[in-house]
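Residue numbers (full-length UniProt numbering): 1 to 345.
For glycine and all other residues, C-beta sits at the position ideal for the given N, C-alpha and C.
Source: prediction; values computed, not measured.
Reviewing the structure listed below.
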């Protein structure tokens, strides 16, 4: 017996009672996005104050280039590129998780205040405690994000946590935390405060392999958890009752997904600062490209990587922080999305 799903899919049956359904459009979109990321990667490695040819980039990566090209590509530009790809993936997955939890395209860490909470945790660790170690900043960001998530959930809870209420409360909490961060920085030494402020703008410029190694280990450890939660989250979008009827523990999945989403967002904040709007935009672009029922984690991750790498290329061209580019472009999308959601409601 065959079932018409209304769109072309491929079914893989490795065992008699096991099958895997793959959406062909999502696969095609993912491959195109992967190709775009590869092209942008070459542009990122070749472009800069000293421009290199494609042959020089390939030679530097394979160890056959001259010393100058090796220094530019491998030691300076490659860590920044890998950070852009990794941060784009982490932010897109965080946005996909929270948009599934809130069942609202406005649900993302930067909108509901989690980025501001992670930033506040990092500010406290850096300026109040006085530690600049990556692990301490990462732990402070994670704790700040989790406490902010708990606060938003408690304040928005009223016979359940309705998605739009979470977003409104999150915007208010983010505004208060932004004021707190500004107050703490104003009380510190101007030079130190400027360093933290520059980090808060979201920049990939000063990152190297010393930060890339722990970031990559944490990201690789979190990705399997995101894969495990993808199906329960999709079932949870149908409603708690429908999800429970399919054997999903709604509260456990919601709690685990919240912690995982905060971990993804905090991982980026600890390394590069709060890079805004990628988590908001990437899942929605992926959703419209793949035309899936909800945000597709894999397509969202590739979209996030493509967006952040392209934003970083523009930022290098303009000599500004990467976060400034994402805020400018994402802010316009955010305004359009707010108008669209208001008209729909």
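Whole angstroms is fine: what's the gap from residue i's alpha carbon to residue j's?
i, j, result
"residue 251", "residue 121", "26 Å"
"residue 97", "residue 257", "7 Å"
"residue 61", "residue 36", "19 Å"
"residue 310", "residue 200", "20 Å"
"residue 332", "residue 282", "14 Å"
"residue 267", "residue 86", "10 Å"
"residue 153", "residue 70", "49 Å"
"residue 237", "residue 33", "26 Å"
"residue 299", "residue 26", "7 Å"
"residue 184", "residue 295", "37 Å"
"residue 128", "residue 205", "25 Å"
"residue 133", "residue 144", "16 Å"
"residue 339", "residue 149", "25 Å"
"residue 208", "residue 82", "10 Å"
"residue 210", "residue 217", "12 Å"
"residue 181", "residue 342", "30 Å"
Helix or strand or just coil, what does DSSP make of residue i?
i, result
"residue 23", "strand"
"residue 180", "helix"
"residue 158", "coil"
"residue 277", "coil"
"residue 327", "helix"
"residue 47", "coil"
"residue 317", "helix"
"residue 249", "coil"
"residue 259", "helix"
"residue 190", "helix"
"residue 364", "A question about residue 364 goes unanswered here, because the residues of the chain that appear run from 1 up to 345."
"residue 4", "Residue confidence is low: residue 4 scores 48 on pLDDT, short of 50, so the model does not pin down where it sits. Its coordinate-derived value is still stated next. Three-state result, residue 4: coil."
"residue 107", "coil"
"residue 377", "An answer regarding residue 377 cannot be provided, because it is not within the stretch 1 to 345 covered by the chain."
By the 10 Å Cβ neighbour count, where 16 or more other Cβ atoms means buried, how is residue i classified, buried or exposed?
i, result
"residue 227", "exposed"
"residue 38", "exposed"
"residue 126", "buried"
"residue 316", "buried"
"residue 175", "exposed"
"residue 308", "buried"
"residue 173", "buried"
"residue 275", "buried"
"residue 245", "exposed"
"residue 241", "exposed"
"residue 344", "exposed"
"residue 312", "buried"
"residue 64", "exposed"
Can you tell me the Cβ-Cβ gap for residue i and residue j, rounded? I've got them flagged as a contact below 8 Å.
i, j, result
"residue 350", "residue 286", "One cannot answer for residue 350 here, as it falls past the ends of the chain, which runs 1 to 345."
"residue 203", "residue 273", "6 Å"
"residue 72", "residue 52", "7 Å"
"residue 170", "residue 112", "3 Å"
"residue 166", "residue 156", "5 Å"
"residue 304", "residue 262", "17 Å between Cβ atoms; not a contact."
"residue 297", "residue 230", "5 Å"
Ignoring anything shorter than 4 residues, give me the alpha helix (DSSP H) runs that lie fully in the region 43-103, in order along the chain.
DSSP runs (the alpha helix (DSSP H)) wholly in the region 43-103: 54-62, 67-70 and 78-102.
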